[in-house]
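Protein sequences, first through last, are from chains A and B.
My numbering puts the first sequence at residues 30 to 337.
My numbering puts the second sequence at residues 15 to 118.
The structure appears below as structure tokens.
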Amino acid sequence: MSNLIDLVNHDYYEASARDRIAGILDPGSFHEFLGAENRTISPHLAQFNLTGAFDDGLIVGAGRLEGQPVYVAAQEGRFMGGAFGEIHGAKLVGLLRAAAANGARKGIKAVLLLLDTGGVRLQEANAGELSISEAVHGIVEARLAGVPVIALVGGRSGAFGGGGIVTAFCSRIIVSDHGRIGVSGPEVIETNKGVEEFDAKDKGLVWRVTGGRTRAMMGGADCFVRDRIKDFRAAAIAQIGAAAPFTLATLVAEQKRLAARLQSYGDCRDAPEIWRIAGIADPASIAEVSEEAFASLPRLKEAAHDAR
Amino acid sequence: MEHFEVRATLARRAPGNRQQAVVGVNASGNVEILVERTLSETETLVEVTTAITGYRALWQAVIEDFFSRCPTGGLRFAINDGGAKPDVVSLRLMQSAQQMGGGQ
Numbered sequence: 030m031s032n033l034i035d036l037v038n039h040d041y042y043e044a045s046a047r048d049r050i051a052g053i054l055d056p057g058s059f060h061e062f063l064g065a066e067n068r069t070i071s072p073h074l075a076q077f078n079l080t081g082a083f084d085d086g087l088i089v090g091a092g093r094l095e096g097q098p099v100y101v102a103a104q105e106g107r108f109m110g111g112a113f114g115e116i117h118g119a120k121l122v123g124l125l126r127a128a129a130a131n132g133a134r135k136g137i138k139a140v141l142l143l144l145d146t147g148g149v150r151l152q153e154a155n156a157g158e159l160s161i162s163e164a165v166h167g168i169v170e171a172r173l174a175g176v177p178v179i180a181l182v183g184g185r186s187g188a189f190g191g192g193g194i195v196t197a198f199c200s201r202i203i204v205s206d207h208g209r210i211g212v213s214g215p216e217v218i219e220t221n222k223g224v225e226e227f228d229a230k231d232k233g234l235v236w237r238v239t240g241g242r243t244r245a246m247m248g249g250a251d252c253f254v255r256d257r258i259k260d261f262r263a264a265a266i267a268q269i270g271a272a273a274p275f276t277l278a279t280l281v282a283e284q285k286r287l288a289a290r291l292q293s294y295g296d297c298r299d300a301p302e303i304w305r306i307a308g309i310a311d312p313a314s315i316a317e318v319s320e321e322a323f324a325s326l327p328r329l330k331e332a333a334h335d336a337r
Numbered sequence: 015m016e017h018f019e020v021r022a023t024l025a026r027r028a029p030g031n032r033q034q035a036v037v038g039v040n041a042s043g044n045v046e047i048l049v050e051r052t053l054s055e056t057e058t059l060v061e062v063t064t065a066i067t068g069y070r071a072l073w074q075a076v077i078e079d080f081f082s083r084c085p086t087g088g089l090r091f092a093i094n095d096g097g098a099k100p101d102v103v104s105l106r107l108m109q110s111a112q113q114m115g116g117g118q
């Protein structure tokens, strides 16, 4: 935690996971569970001659958001790309299970997931994959217990692999320009399907397809924010109350919406093709206008949904 | 993988009352440092874990230089190294001492 920088006005993208938590929650309200002093270092990484992190790259705890009690988990995207390992995953699953088991009784209003991850850590892949499944189960249980789970995506690693799946299970998703959300990352697609399918070196293409603007335009994220910690904070406060009830009817409606979306845009190779079909006047401008100008643009009409 | 400790017996207690701080991240060219106020006021200790072997003498020099600059009595430092250069290690050590309430 740094007291030398103005966290609230600081970029979210550049901040560490600890600084993001400190700037998003009410000042001084964060109480960490299993803090660094417990030295919960991965038991697997040393076998690969890799040093670990005292929190295994995930910080979990409780705090207040505009006075309301919340749980929070933040991935440090610079430690092993924020990837899920055994302990990292177990800490997240534990927090979600706590929210499901007694969050409502304790007055917990939401779980904030500050995701910043490339997915599962290859050095402990089985444990990582298992923890993704358990985390998804934990999110569903927390939501069924009436505790919304809000994803915040705006770090350098985005939310990929299992992290993209975890994001999609959340009640609401907040994304910034830098935030990318997907399952298979650009390099994975290129490696498996060839450069003709997806050129991972074309950063413009990567951001147009997986980036925050496209996700927000199409309803893959519920809220687009400028890349500042204070904007993520304000959005998190607003999104807690916006989470829809978690019922079968909303899931059926979402299935219909996604099927229709695939029908309309399934053949598109790049985001501007979608904007053209959707009738946006200047499709190329979507990727180029300022963050503020983009934030004020209307989303595609089929993006509107409350299925999360 | 190398793990070693550098200890010193100091006369000067680290100022402040904060019990714990974490600075930096174990990322490429960076270090994560956990500081805890758990030792007696005249003792200090830095534990280093690094994947890059063969630089123990350099680590020793950087840490002893740090001890000479900052009063760190009572503080236990633990470093997870991601291949940081000596200047980065030095700055992170001073930042961690500053977070505990003292140092430059």
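We treat Cβ as the ideally placed atom computed from N, Cα and C, and that holds for glycine.
These figures come from a predicted structure and were not determined experimentally.
Contact with chain B is absent for A/Asp35, since none of that chain's Cβ atoms lies less than 9 Å from the residue's Cβ. Scanning chain B for C-beta atoms nearer than 9 Å to the C-beta of A/Phe261 yields nothing, as the closest lies near 19 Å away. When CB distances to chain A are screened at a threshold of 7 Å, the residues of the segment 47-58 of chain B falling below it are Leu48 and Glu50, in chain order.
Per the coordinates, the alpha-carbon of A/Arg68 lies some 5 Å from the alpha-carbon of A/Phe83. For A/Ile116, the closest Cβ of chain B is not nearer than 9 Å. With respect to the 9 Å criterion, A/Ala300 and A/Val238 are classified as neighbours on the basis of their beta carbons. Contact annotation: the segment 98-116 of chain B touches the segment 36-53 of chain B, with at least three C-beta pairs closer than 8 Å. At a cut-off of 9 Å between beta-carbon atoms, B/Ala41 makes contact with chain A. Below the 9 Å Cβ cutoff, chain A contributes no neighbours of B/Asp101, its closest Cβ being approximately 18 Å away. Taking a cut-off of 8 Å on C-beta distances, the segment 115-126 of chain A touches the segment 151-170 of chain A, as three or more cross pairs fall below it.
Taking a C-beta cut-off of 8 Å against chain B, the contacting residues of the segment 91-125 of chain A are Glu105, Arg107 and Phe108, listed in chain order.
Chain order gives no chain B residues near A/Ala44, where near means a beta carbon separation below 7 Å; the closest approach is about 11 Å.
DSSP, reduced to helix, strand and coil, places B/Glu50 within a strand of the structure shown. Here the segment 71-83 of chain B makes no contact with the segment 76-91 of chain A; the two share fewer than three CB pairs at distances below 8 Å.
Within the DSSP bridge table, the entry for B/Thr23 names B/Glu57 as partners.
Counting only residues of its own chain and dropping the five nearest sequence neighbours on each side, A/Ala133 has a CB closer than 8 Å to the CB of Ala174, Gly175 and Val176.
For the pair B/Thr56 and B/Arg21, the CB atoms are not nearer than the 9 Å cut-off. The Cβ-Cβ distance between A/Ile179 and A/Ala250 does not fall below 9 Å. Shown here for B/Arg32: same chain residues with a beta carbon closer than 8 Å to its own, the five before and five after excluded, namely Arg51, Gln113, Met114 and Gly115 in chain order. Chain-order list of chain B residues neighbouring A/Ala75: Met15, by C-beta distance under 7 Å. Excluding residues up to 5 positions away in sequence, Arg49, Gly183, Ser205, Asp256, Arg257, Ile258 and Phe261 lie with their Cβ nearer than 7 Å to the Cβ of A/Tyr41 in the same chain. The beta carbons of A/Leu121 and A/Ser160 sit closer together than 9 Å. For the segment 68-102 of chain B, the set of residues with a beta-carbon nearer than 8 Å to any beta-carbon of chain A comprises Ala92, Asn94, Asp95 and Gly96, in chain order. Linking A/Asp296 to A/Glu225 through their CA atoms gives a straight-line distance of about 15 Å.
For a Cβ distance threshold of 8 Å, residue set Gln34, Val36 and Leu48 of chain B lies close to A/Ala65, ordered along the chain. For A/Val182, the uninterrupted beta strand (DSSP E) run begins and ends at Val178 to Val182, by DSSP.
Listed in chain order, the non-local C-beta contacts of A/Ala316 below 6 Å within the same chain comprise Arg237, local neighbours out to five positions each way being set aside.
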